[in-house]
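Residue numbers (our numbering): 201 to 321. Just so you know, even glycine gets a beta-carbon here, dropped at the ideal spot from N, CA and C.
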């Protein structure tokens, strides 16, 4: 399977990078390049790495994420992971890196958002 990466500008100067597919030895460089590209264009308020559609990640993919985190940090930009798939969440937890990326909860398809779950919220 291949990897595609979508970049979106969100409110408040946040850039979302959303990879889709597998991040492995053949594709990990694409994640690093996407982060570097965002930083080359300017200094966003934050970079959100939305991992909801990532079906697999290996150690090289994890290393690319850490390298991207370090590159962003040197530039004074916070990089966090949002909506990790259950697989990605597990890999970040097992490696002890979940906290580095903001300790996000795993994404569950079909889960109600807080405003949907509590009437009037």
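Expressed to the nearest angstrom, what Euclidean distance is found between the alpha-carbon atoms of residue 244 and residue 308?
28 angstroms
Going along the chain, which unbroken runs of the alpha helix (DSSP H) with 4 or more residues stay wholly within the region 212-248?
228-241
Residue 314 to residue 286 span [Cα, whole Å]:
Since pLDDT at residue 314 reaches only 46, below the 50 mark, its modelled position is unreliable, and no value is offered.
Taking residue 303 as the reference, which of 224, 250, 235, 221 has the closest Cα?
250
Taking 8 angstroms as the cut-off, decide whether the C-beta atoms of residue 214 and residue 248 are in contact.
yes
Rounded to whole angstroms, what is the Cα-Cα separation between residue 317 and residue 289?
Residue placement at residue 317 is flagged as unreliable, the pLDDT there being 47, under the threshold of 50; the coordinate-derived value follows with that caveat. Cα to Cα, the separation comes out at about 23 angstroms.
According to DSSP, is residue 288 helix, strand or coil?
helix
Between residue 219 and residue 231, how many whole angstroms is the CB-CB distance? I'm expecting something under 8 angstroms.
6 angstroms
In three-state terms, what does DSSP make of residue 281?
strand
Run through DSSP, which three-state label would residue 255 get?
strand
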